[in-house]
Amino acid sequence: MLGIKMDEQPKSPGDTWIGPAPWIEMALPGPVAKAIIERDERVTSPSNTRDYPLVMDRGYGSVIADVDGNRFLDMAAGIAVCATGHSHPKVTEAIETQAKAFIHICGSDFYYSPMVQLCERLAKIAPGKAKKRVLLTNSGTEAVEAAFKLSRLHSGRKWVIAFHGAFHGRTMGALSLTCSKARQQEGFGPLVPMVAHVPYGDVEAIESQLFNYKMAPCEVAAIFVEAFQGEGGYVVPDARFLPRLRSLCDKHGILLVCDEIQSGAGRTGKWFACDHFSVVPDILLMAKGLASGMPLGAVIAREDVMDWAPGAQGSTYGGNPVCCAAALATLDLIENAYMANARTRGEQLITELREIERKHKSITNARGMGLMCAVDVVNARSGKPDAGLRGRLLRQAFDNGVILLPCGEIGIRFTPPLCINETQLQVALKVFDEAIPTVQ
Ligand code: PLP
5 MLGIKMDEQP
15 KSPGDTWIGP
25 APWIEMALPG
35 PVAKAIIERD
45 ERVTSPSNTR
55 DYPLVMDRGY
65 GSVIADVDGN
75 RFLDMAAGIA
85 VCATGHSHPK
95 VTEAIETQAK
105 AFIHICGSDF
115 YYSPMVQLCE
125 RLAKIAPGKA
135 KKRVLLTNSG
145 TEAVEAAFKL
155 SRLHSGRKWV
165 IAFHGAFHGR
175 TMGALSLTCS
185 KARQQEGFGP
195 LVPMVAHVPY
205 GDVEAIESQL
215 FNYKMAPCEV
225 AAIFVEAFQG
235 EGGYVVPDAR
245 FLPRLRSLCD
255 KHGILLVCDE
265 IQSGAGRTGK
275 WFACDHFSVV
285 PDILLMAKGL
295 ASGMPLGAVI
305 AREDVMDWAP
315 GAQGSTYGGN
325 PVCCAAALAT
335 LDLIENAYMA
345 NARTRGEQLI
355 TELREIERKH
365 KSITNARGMG
375 LMCAVDVVNA
385 RSGKPDAGLR
395 GRLLRQAFDN
405 GVILLPCGEI
415 GIRFTPPLCI
425 NETQLQVALK
435 VFDEAIPTVQ
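Going by our numbering, the sequence shown opens with residue 5, and the numbers climb by one from there.
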């Protein structure tokens with residue numbers, strides 16, 4: 005154990021302890037935040053999608069302080085990224101120590117121990133007994149891109165199958181697999197050819213539709229699947245879905261690629277969501293929670309699958325040593341304390357969300373695994389999806405000091421840092437609960 009008590013925020017020496025939350029001193033955004041937002045809106049890409057005006061100044065554990073001194077409980081963790089909480093002292097120490105030693109030397113061309121240590125570690129935690137190899141990337145989309153290329157190259161086949169609602173990233177290859185919101189693809193075509201989609205959870209559709217009318221299974225390189233669909237609306241699959249997909253892939257020699265970019269790194273209470281279904285993919289993808297917010301992704305593949313020649317794939321920054329050091333510290337924390345906490349606090353989260361659902365007609369479909377949960381927002385009278393109400397609820401929760409993010413058409417997701425404690429979770433859910441009647 006690391007000596008971190010799970011019933012309190014980890015405190016570091018010095019002044020990084022930023023105080024209890026929620027602590028809202030003014031109407032939001034405050035004056036300093038307002039000025040920054042005005043400048044932001046003049047200069048940053050209009051493609052950004054901000055749901056409400058949070059301007060972060062600092063963070064610690066599960067608490068965020070804004071530039072005007074307001075404090076929030078963080079139920080988003082930077083889209084399930086800050087697994088160990090904000091600026092965990094063990095992570096910042098690892099980053100500092102590595103940065104002082106050296107920051108960069110390009111892992112495609114040279115060797116360094118943090119990359120080796122991390123790849124050994126990831127090969128060990130990935131499910132399945134077979135020997136693995138690991139490619140490190142800078143982001144989730146790059147990991148998807150690399151897996152797309154690897155599966156075509158390794159199999160010599162061209163077709164790739166993914167699912168409606170899937171989000172796999174925004175670079176051209178990954179975007180071709182993404183099928184989450186029409187806006188994400190609109191105007192960017194033609195995308196990478198020979199990609200087909202079926203409804204999430206529907207293995208039957210692959211056999212009866214695609215294999216009958218579209219392509220022969222012997223021409224399919226890979227099926228990309230989120231073991232727990234994230235951006236598409238936090239869809240927990242039926243327990244038979246992944247095992248059936250595994251059997252289908254085995255039957256036709258198709259590679260099963262599990263995108264655990266959002267659901268991996270202990271978030272669901274196990275290392276990977278596919279572990280809950282005892283399914284071993286041929287290629288497994290990580291990013292987000294892997295390095296506590298430092299940009300890092302990973303492609304973990306069976307050794308006989310990752311068989312490409314030198315030069316077939318590479319990256320200047322992928323597996324940067326500082327990111328590797330952050331990931332090693334992150335994995336220690338997750339393994340020693342936070343994965344167990346994700347299970348315990350996950351139970352608390354889903355129980356309390358179900359209670360909130362029971363109390364409010366406009367909240368439905370509480371669901372999730374570990375600290376990856378969501379509810380849907382509907383009109384209390386008609387029971388119809390209500391994206392407008394969802395938006396007002398997100399904003400009200402923010403005004404009351406809780407940071408939440410949407411998912412899918414009408415979902416609100418709860419993905420706090422894995423270090424969140426019982427009281428913080430209780431308080432955040434109380435704030436959410438109390439906000440519901442005020443925005444109807
Ligand atoms: N795959 C999944 C399941 C994701 O949730 C995301 C991001 O939300 C990605 C891929 C893309 O990752 P990134 O934004 O790091 O490129």
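From the three backbone atoms N, C-alpha and C, an ideal C-beta is built for every residue, glycine too.
Query - Proximity to Asn74 [Cα-Cα], best of Arg417, Asp403 and Gln102 - result: Asp403
Query raised in the report: Thinking C-beta only, is Gly374 closer than 8 Å to Ala391?
Result: The Cβ atoms of Ala391 and Gly374 lie no closer than 8 Å to each other.
Query raised in the report: Leaving out the 5 sequence neighbours to the left and right, which residues in its chain are closer than 6 Å to Met219 when beta-carbon positions are compared?
Result: Trp163
Requested in this report: Put Val148 into one of helix, strand or coil per three-state DSSP.
Outcome: helix
Query raised in the report: What separation, rounded to the nearest whole angstrom, lies between the Cα atoms of Glu42 and Gly193?
Result: Near 33 Å, if we compare the C-alpha coordinates of Gly193 and Glu42.
Query - Residue closest to Cys411, alpha-carbon to alpha-carbon, out of Pro50, Asp61 and Ala80 - result: Ala80
**Report entry** Other residues of its chain near Ser445: CB distance less than 6 Å, five sequence neighbours each side excluded
**Finding:** The displayed coordinates of the chain run from 5 to 444. Any statement about residue 445 would go beyond what the structure contains.
Query - Option in Leu140, Phe171, Pro221 and Gly191 with minimal Cα separation from Gly160 - result: Pro221
**Report entry** Coarse secondary structure for Ala432, derived from DSSP in three states
**Finding:** helix
Report task. Please classify Gly68: does DSSP put it in a helix, a strand, or coil? Result -> As written in the sequence, residue 68 is Ile, which differs from the Gly given in the question. The answer is strand: DSSP assigns Ile68 an E or B state.
Query - Closest residue to Leu58 among Phe76, Arg358 and His108 (Cα-Cα distance) - result: It is Phe76 whose Cα lies nearest to the Cα of Leu58.
Query raised in the report: Does DSSP classify Ala305 as helix, strand or coil?
Result: strand
Query - Spatial distance of Ile83 from Gln213 (CA atoms) - result: 34 Å
Query - Straight-line gap, Gly236 to Asp263 (C-alpha atoms, nearest Å) - result: C-alpha separation (whole angstroms): 13 Å.
Query raised in the report: Between Ala103 and the ligand PLP, is the CB less than 7 Å from at least one heavy atom?
Result: The nearest non-hydrogen atom of the ligand PLP is 7 Å or more from the C-beta of Ala103.
**Report entry** Within the region 27-65, ranges of the alpha helix (DSSP H) (whole runs, at least 4 residues)
**Finding:** 35-47
Requested in this report: List the residues that DSSP assigns as beta-bridge partners of Trp163.
Outcome: Val224
**Report entry** Cβ-based neighbour list, Ala130, same chain, cut-off 7 Å, excluding 5 preceding and 5 following
**Finding:** Lys136, Leu288 and Ile304
**Report entry** Enclosing alpha helix (DSSP H) for Leu332 [first to last residue]
**Finding:** Pro325 to Leu337
Query raised in the report: Among Ile407, Met343, Thr368 and Gln400, which has the Cα closest to the Cα of Lys388?
Result: Thr368
Report task. Please determine, among Asn425, Thr427, Leu422 and Val379, the residue with the shortest C-alpha to C-alpha distance to Ile440. Result -> Val379
Requested in this report: May I have a chain-ordered list of the beta strand (DSSP E) segments no shorter than 3 residues that lie completely inside the region 258-295?
Outcome: 259-263 and 287-290
Query raised in the report: Taking 7 Å as the line, does the beta carbon of Gly173 fall inside it for any heavy atom of the ligand PLP?
Result: Relative to the ligand PLP, the beta carbon of Gly173 is positioned inside 7 Å of a heavy atom.
Requested in this report: From the DSSP output, in three-state form, read off Gly23 for me.
Outcome: coil
**Report entry** Distance between beta carbons of Val138 and Ala150, contact taken as under 8 Å
**Finding:** That belief does not hold up - the Cβ atoms of Ala150 and Val138 are roughly 11 Å apart, past 8 Å.
Query raised in the report: If we ignore side chains and look at the alpha-carbon of each, how far apart do Glu12 and Val224 end up?
Result: Caution applies to Glu12, whose pLDDT of 47 falls short of 50 and renders its modelled position unreliable; the model cannot decide the point.
Query raised in the report: Is the distance from the Cβ of Arg394 to the Cβ of Val381 below 8 Å?
Result: yes
Report task. Consider the C-beta atom of Gln266 and the heavy atoms of the ligand PLP; say whether any pair is separated by less than 7 Å. Result -> yes
**Report entry** Euclidean distance between Cα positions of Leu154 and Trp312
**Finding:** 7 Å
Requested in this report: Enumerate in chain order the residues of its own chain whose CB-to-CB distance from Asp55 is below 6 Å, with the five nearest sequence positions on each side excluded.
Outcome: The residues are Leu398.
Query - Sheet register partners of Phe418 (DSSP bridge) - result: Cys377
**Report entry** Local Cβ density within 10 Å of Met5, reported as buried at 16 or more and exposed below that
**Finding:** Summary for Met5: the model assigns pLDDT 27, below 50, so the residue's position carries little reliability; its value from the coordinates is reported in the next sentence. In this structure Met5 is exposed. Its beta-carbon is surrounded by fewer than 16 other beta-carbon atoms within 10 angstroms.
Query raised in the report: Would you say Ser184 and Ala200 are within 8 Å of each other, going by their C-beta atoms?
Result: Not in contact: Ser184 and Ala200 (Cβ atoms no closer than 8 Å).
Query raised in the report: Does the distance from the C-beta atom of Glu230 to that of Ser282 stay below 8 Å?
Result: no
Query raised in the report: Taking DSSP as the reference, what is the three-state secondary structure of Ser16?
Result: Its pLDDT being 45, under 50, Ser16 is placed unreliably in this model, and the value from its coordinates should be taken loosely. DSSP, read as helix, strand or coil, puts Ser16 in coil.
Query raised in the report: In three-state DSSP terms, what is Met298?
Result: strand
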